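Engineer: Residue numbers (this note's numbering): 1254 to 1480.
Built from N, CA and C at the ideal position, the CB exists for glycine as well.
All of these numbers come straight from a predicted model, not from anything done at the bench.
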């Protein structure tokens, strides 16, 4: 399990990193927002959990939490010296999974980390089937069905469909789609290619590709699947 730890106090960071590694976690350590953003953009798919100090020299753990949650469902725990209800609620509202107030006992932190990870693992096991309108995506088998009939899609079409499905009801801009496909596939996909792949998906999934109801165009903003 890989943990991204962002803590500007180098003494605290060193102690946390040592304790996590002693408990068989691998760690990626950053001391500020700028370096953490770089790690997130380049290695998000390798991160299993994030530990973010709330107060950082060049920004806030909120900024990092927002960035992570925009692109993935990686769990986030805040480390904070501010035991204030408003700050805690703000963090939880933006998608953080837990917080722990400094000073804390390392065993308590490790217990909370394992509790959050167990919760995510259970969710992952129960969410191998995604149903959206007439579509069913079996992520365990990597198969797509429309009205119970299997639809053949390419690897990149499948990845694009998963991005839409995992953000059901959200409007995704073209730049967001391009960034996520690039990060995961490692293949160069330009704006024109994205247009082609969305067109192909619509031809395979929509009853009427000219009037799409599954992958909808939100004029001037991007695309949306589901409500």
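For residue 1453 versus residue 1468, is the C-beta distance shorter than 8 Å?
Structural biologist: Their beta carbons are not under 8 Å apart, which means residue 1453 does not touch residue 1468 by this criterion.
Engineer: Using three-state DSSP, classify residue 1446 as helix, strand or coil.
Structural biologist: Helix.
Engineer: With distance defined between alpha-carbon atoms, name the residue in 1431, 1256, 1290, 1266 nearest to residue 1330.
Structural biologist: Cα-wise, what sits closest to residue 1330 is 1256.
Engineer: Do residue 1317 and residue 1289 have their C-beta atoms closer together than 8 Å?
Structural biologist: Yes; because the gap between Cβ atoms is below 8 Å, this pair is in contact.
Engineer: Go ahead and pull the three-state DSSP assignment for residue 1365.
Structural biologist: Helix at residue 1365.
Engineer: For residue 1304 and residue 1259, I'd like the C-alpha separation in whole angstroms.
Structural biologist: Between residue 1304 and residue 1259, the C-alpha separation is close to 6 Å.
Engineer: Roughly how far, in whole angstroms, is the beta-carbon of residue 1309 from the beta-carbon of residue 1327, given that I think they are within contact range, below 8 Å?
Structural biologist: Not a contact, Cβ separation roughly 18 Å.
Engineer: Nearest to residue 1475 by CA position, among 1363, 1459, 1425, 1351, is which residue?
Structural biologist: Ranking the options by Cα distance to residue 1475, first place goes to 1425.
Engineer: Output yes or no for whether 8 Å exceeds the beta carbon distance between residue 1416 and residue 1433.
Structural biologist: Yes.
Engineer: If we ignore side chains and look at the alpha-carbon of each, how far apart do residue 1254 and residue 1281 end up?
Structural biologist: Looking at the two C-alpha atoms, the distance is approximately 11 Å.
Engineer: CB-CB under 7 Å to residue 1391, same chain, minus the five flanking residues each way: which ones, in chain order?
Structural biologist: Once the five neighbours on either side are set aside, the close Cβ partners of residue 1391 are 1381, 1382.
Engineer: Could you pull out every unbroken beta strand (DSSP E) segment of at least 3 residues lying fully inside the segment 1285-1370, listed in chain order?
Structural biologist: Within the segment 1285-1370, the complete beta strand (DSSP E) runs of at least 3 residues are 1302-1306, 1329-1333, 1351-1354.
Engineer: Just to confirm, is the Cβ distance from residue 1284 to residue 1301 under 8 Å?
Structural biologist: Cβ distance not < 8 Å, so residue 1284 and residue 1301 don't count as in contact.
Engineer: Based on the DSSP output, what are the partners of residue 1282 in its beta bridges?
Structural biologist: 1258.
Engineer: Thinking C-beta only, is residue 1388 closer than 8 Å to residue 1398?
Structural biologist: In this structure, residue 1388 lies closer than 8 Å to residue 1398 by Cβ.
Engineer: Looking only at its chain, what residues have a beta carbon closer than 7 Å to the beta carbon of residue 1324, apart from the 5 residues adjacent to it on each side?
Structural biologist: Same-chain partners within the cutoff: 1297, 1433.
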